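Chemist: Pasting a structure here, questions to come.
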Amino acid sequence: MTSIRNVLQRLFFALGLALIPVLTGTMSQAHGLRHVILMIGDGMGFEHLKTAGYVDHQNRLTPPLACFPVQLQMKTGSLGDRNDIPAPGRVTDSAAAATALATGHKTFNGALGMAPDRDGRLRPVINLMEAAEQTGRSTGVVTSVPFSHATPAAFAAHVADREDYGSIARQMLTASGLDVIAGAGHPR
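Residues 17 to 204 in our numbering are what the sequence shown spells out, letter by letter.
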(Lines of atoms letter the chains of each structure in order from A; the text may use other names.)
(Lines give C-alpha, C1' and ligand atoms only; values in the text may rest on other atoms or scores of the structure.)
Protein backbone atom coordinates (compact mmCIF):
# COMPACT_ATOMS: atom_id res chain seq x y z
CA MET A 17 0.00 0.00 0.00
CA THR A 18 1.30 3.46 -0.90
CA SER A 19 1.90 5.75 2.04
CA ILE A 20 0.67 9.32 2.14
CA ARG A 21 4.29 10.47 2.40
CA ASN A 22 5.14 8.71 -0.89
CA VAL A 23 2.11 10.20 -2.60
CA LEU A 24 3.01 13.69 -1.39
CA GLN A 25 6.60 13.26 -2.55
CA ARG A 26 5.37 12.27 -6.00
CA LEU A 27 2.96 15.22 -6.09
CA PHE A 28 5.71 17.68 -5.17
CA PHE A 29 7.97 16.10 -7.79
CA ALA A 30 5.21 16.41 -10.42
CA LEU A 31 4.53 20.02 -9.44
CA GLY A 32 8.25 20.77 -9.62
CA LEU A 33 8.49 19.20 -13.07
CA ALA A 34 5.45 21.15 -14.23
CA LEU A 35 6.98 24.44 -13.07
CA ILE A 36 10.49 23.93 -14.50
CA PRO A 37 9.56 25.26 -17.95
CA VAL A 38 8.00 28.38 -16.41
CA LEU A 39 10.99 29.10 -14.22
CA THR A 40 13.64 28.35 -16.85
CA GLY A 41 12.03 30.13 -19.78
CA THR A 42 11.59 26.98 -21.86
CA MET A 43 7.79 26.86 -21.69
CA SER A 44 7.35 27.23 -25.45
CA GLN A 45 9.62 24.22 -25.99
CA ALA A 46 7.96 22.01 -23.37
CA HIS A 47 5.39 20.02 -25.35
CA GLY A 48 4.34 23.18 -27.18
CA LEU A 49 2.91 24.72 -24.02
CA ARG A 50 2.90 28.49 -23.85
CA HIS A 51 0.50 29.38 -21.03
CA VAL A 52 0.04 28.36 -17.42
CA ILE A 53 -3.11 29.02 -15.42
CA LEU A 54 -2.90 28.24 -11.72
CA MET A 55 -6.36 27.90 -10.18
CA ILE A 56 -6.58 27.96 -6.40
CA GLY A 57 -9.71 27.03 -4.50
CA ASP A 58 -8.75 28.86 -1.31
CA GLY A 59 -9.28 26.38 1.53
CA MET A 60 -10.63 23.75 -0.87
CA GLY A 61 -9.49 20.14 -0.95
CA PHE A 62 -10.33 17.03 -2.91
CA GLU A 63 -13.15 16.18 -0.51
CA HIS A 64 -14.86 19.45 -1.47
CA LEU A 65 -14.73 18.36 -5.11
CA LYS A 66 -16.21 14.98 -4.23
CA THR A 67 -19.03 16.67 -2.34
CA ALA A 68 -19.70 18.95 -5.31
CA GLY A 69 -19.85 15.86 -7.49
CA TYR A 70 -22.44 14.25 -5.25
CA VAL A 71 -24.59 17.38 -5.15
CA ASP A 72 -24.35 18.66 -8.71
CA HIS A 73 -23.86 15.48 -10.68
CA GLN A 74 -26.33 12.96 -9.27
CA ASN A 75 -23.75 11.12 -7.17
CA ARG A 76 -21.23 10.86 -9.98
CA LEU A 77 -17.76 12.13 -9.10
CA THR A 78 -17.35 14.17 -12.26
CA PRO A 79 -17.48 17.88 -11.47
CA PRO A 80 -15.70 19.88 -14.19
CA LEU A 81 -12.50 20.32 -12.14
CA ALA A 82 -12.25 16.55 -11.73
CA CYS A 83 -11.82 16.25 -15.50
CA PHE A 84 -8.64 18.35 -15.63
CA PRO A 85 -5.67 16.26 -16.79
CA VAL A 86 -3.41 17.42 -13.94
CA GLN A 87 -4.61 17.80 -10.36
CA LEU A 88 -2.17 18.46 -7.57
CA GLN A 89 -2.39 19.10 -3.89
CA MET A 90 0.31 20.29 -1.54
CA LYS A 91 0.86 20.74 2.15
CA THR A 92 1.45 24.41 2.91
CA GLY A 93 1.96 24.44 6.66
CA SER A 94 3.24 27.73 8.09
CA LEU A 95 6.09 28.42 10.48
CA GLY A 96 3.48 29.47 13.04
CA ASP A 97 2.68 32.96 14.22
CA ARG A 98 5.57 35.39 14.03
CA ASN A 99 5.56 36.36 17.71
CA ASP A 100 5.35 32.94 19.30
CA ILE A 101 6.91 29.52 19.18
CA PRO A 102 5.85 27.50 16.11
CA ALA A 103 3.66 24.61 17.13
CA PRO A 104 2.91 21.40 15.24
CA GLY A 105 -0.69 21.36 14.10
CA ARG A 106 -1.04 25.15 14.08
CA VAL A 107 -3.60 26.30 11.55
CA THR A 108 -2.01 27.92 8.53
CA ASP A 109 -3.58 31.15 7.32
CA SER A 110 -4.10 31.87 3.63
CA ALA A 111 -1.20 34.37 3.54
CA ALA A 112 1.35 31.75 4.58
CA ALA A 113 -0.25 29.05 2.41
CA ALA A 114 -0.37 31.26 -0.69
CA THR A 115 3.21 32.40 -0.09
CA ALA A 116 4.27 28.73 0.00
CA LEU A 117 2.45 28.13 -3.30
CA ALA A 118 3.79 31.31 -4.94
CA THR A 119 7.39 31.14 -3.76
CA GLY A 120 8.18 27.66 -2.49
CA HIS A 121 9.12 29.14 0.90
CA LYS A 122 7.36 28.52 4.19
CA THR A 123 6.68 31.65 6.20
CA PHE A 124 4.86 32.94 9.25
CA ASN A 125 1.09 33.40 9.32
CA GLY A 126 0.26 36.88 8.06
CA ALA A 127 3.34 37.34 5.87
CA LEU A 128 2.95 37.71 2.09
CA GLY A 129 5.79 37.08 -0.34
CA MET A 130 8.33 37.15 2.47
CA ALA A 131 10.21 34.41 4.30
CA PRO A 132 12.56 34.47 7.26
CA ASP A 133 16.31 34.58 6.66
CA ARG A 134 18.79 32.71 8.85
CA ASP A 135 18.40 35.36 11.55
CA GLY A 136 14.60 35.11 11.49
CA ARG A 137 14.07 38.49 9.78
CA LEU A 138 11.49 38.54 7.02
CA ARG A 139 12.93 39.18 3.56
CA PRO A 140 11.16 39.37 0.18
CA VAL A 141 11.40 36.19 -1.90
CA ILE A 142 10.80 35.84 -5.63
CA ASN A 143 7.40 34.52 -6.66
CA LEU A 144 6.12 32.69 -9.73
CA MET A 145 4.85 35.88 -11.35
CA GLU A 146 8.23 37.59 -11.01
CA ALA A 147 9.99 34.50 -12.38
CA ALA A 148 7.61 34.40 -15.35
CA GLU A 149 8.11 38.13 -15.99
CA GLN A 150 11.88 37.62 -16.05
CA THR A 151 11.38 35.23 -18.97
CA GLY A 152 9.29 37.79 -20.86
CA ARG A 153 5.90 36.29 -20.10
CA SER A 154 2.70 38.16 -19.41
CA THR A 155 1.27 37.69 -15.93
CA GLY A 156 -1.96 38.39 -14.13
CA VAL A 157 -4.10 37.79 -11.09
CA VAL A 158 -7.85 37.22 -11.40
CA THR A 159 -9.82 36.65 -8.22
CA SER A 160 -13.35 36.59 -6.82
CA VAL A 161 -12.22 38.59 -3.76
CA PRO A 162 -10.54 42.00 -3.54
CA PHE A 163 -7.20 41.62 -5.33
CA SER A 164 -5.29 42.82 -2.25
CA HIS A 165 -6.49 39.83 -0.19
CA ALA A 166 -3.91 37.29 0.91
CA THR A 167 -4.17 34.54 -1.69
CA PRO A 168 -3.92 36.67 -4.84
CA ALA A 169 -1.54 39.16 -3.20
CA ALA A 170 1.05 36.49 -2.35
CA PHE A 171 1.74 36.19 -6.07
CA ALA A 172 2.63 39.87 -6.47
CA ALA A 173 3.36 41.65 -3.16
CA HIS A 174 5.93 41.51 -0.38
CA VAL A 175 4.61 42.65 3.03
CA ALA A 176 4.96 41.42 6.60
CA ASP A 177 1.29 42.04 7.42
CA ARG A 178 -1.50 40.64 5.25
CA GLU A 179 -3.82 43.41 6.45
CA ASP A 180 -1.62 46.19 5.02
CA TYR A 181 -4.03 46.49 2.11
CA GLY A 182 -2.77 49.92 1.01
CA SER A 183 0.83 48.74 0.57
CA ILE A 184 -0.33 45.52 -1.05
CA ALA A 185 -2.50 47.38 -3.57
CA ARG A 186 0.28 49.91 -4.32
CA GLN A 187 2.80 47.15 -4.93
CA MET A 188 0.43 45.18 -7.13
CA LEU A 189 -0.64 48.22 -9.17
CA THR A 190 2.66 50.05 -9.51
CA ALA A 191 5.58 47.72 -8.84
CA SER A 192 4.55 44.15 -9.58
CA GLY A 193 4.73 44.05 -13.35
CA LEU A 194 1.35 42.29 -13.56
CA ASP A 195 -0.33 42.81 -16.92
CA VAL A 196 -3.81 41.95 -15.64
CA ILE A 197 -5.36 42.50 -12.21
CA ALA A 198 -9.04 41.75 -11.72
CA GLY A 199 -10.87 41.38 -8.44
CA ALA A 200 -14.09 42.08 -6.66
CA GLY A 201 -15.26 44.30 -3.85
CA HIS A 202 -13.68 46.97 -1.72
CA PRO A 203 -10.89 45.91 0.67
CA ARG A 204 -12.55 47.45 3.74
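Where is the CB? At the ideal position from N, CA and C, for every residue including glycine. From a predicted model like this one, the values you see are computed outputs, not experimental measurements.
What runs of the alpha helix (DSSP H), each 4 residues or longer, lie entirely inside the region 130-201?
Modeler: With a minimum length of 4 residues, the continuous alpha helix (DSSP H) runs that stay inside the region 130-201 are 144-150, 166-169 and 181-186.
Chemist: Quick check on the DSSP output: the alpha helix (DSSP H) that includes L117 runs from which residue to which?
Modeler: As a position in the sequence shown, residue 117 is number 101, starting the count at 1. First-last of the alpha helix (DSSP H) with L117: S110 to T119.
Chemist: Less than 8 Å between the C-beta atoms of M130 and A176, yes or no?
Modeler: Translated into positions along the sequence shown, residue 130 becomes position 114. Translated into positions along the sequence shown, residue 176 becomes position 160. Cβ distance < 8 Å, so M130 and A176 count as in contact.
Chemist: Sort A113, H51 and R178 by Cα distance to M60 and report the nearest one.
Modeler: Translated into positions along the sequence shown, residue 60 becomes position 44. Taking only the C-alpha atoms, the option nearest M60 is A113.
Chemist: Exposed or buried, which one is I53 when buried takes at least 16 other CB atoms within 10 Å?
Modeler: Translated into the one-based positions of the sequence shown, residue 53 becomes position 37. I53 should be labelled exposed.
Chemist: How should Q187 be labelled, buried or exposed, when 16 other C-beta atoms within 10 angstroms of its C-beta is the threshold for buried?
Modeler: As a first step, residue 187 must be located in the sequence shown, where it is residue number 171. Answer is buried; the Cβ neighbour count reaches 16.
Chemist: Applying the 10 Å Cβ sphere with the 16-neighbour rule, what's the burial state of K66?
Modeler: The residue you call residue 66 lines up with position 50 of the sequence shown. So K66 ends up on the exposed side.
Chemist: Please name the residue, chosen from T151, G126, H64 and F171, that lies closest to L144 on a Cα-to-Cα basis.
Modeler: If you number the sequence shown from 1, residue 144 lands on position 128. That would be F171, whose Cα lies nearest to the Cα of L144.
Chemist: Let me know if R178 comes out buried or exposed under the rule of 16 or more other beta-carbons within 10 Å of its beta-carbon.
Modeler: Taking the sequence shown and counting its residues from 1, one reaches residue 178 at position 162. R178 comes out buried.
Chemist: Can you find the residues in the same chain that come closer than 6 Å, C-beta to C-beta, to A198, ignoring five residues on each side of it along the sequence?
Modeler: As a first step, residue 198 is located in the sequence shown; it is residue number 182 there, counting from the start. Within the same chain, A198 has close Cβ partners V158.
Chemist: If you draw a straight line from the alpha carbon of S164 to that of P140, how long is it in whole angstroms?
Modeler: The count along the sequence shown starts at 1 and reaches residue 164 at position 148. The count along the sequence shown starts at 1 and reaches residue 140 at position 124. Their backbone Cα atoms lie some 17 Å apart in a straight line.
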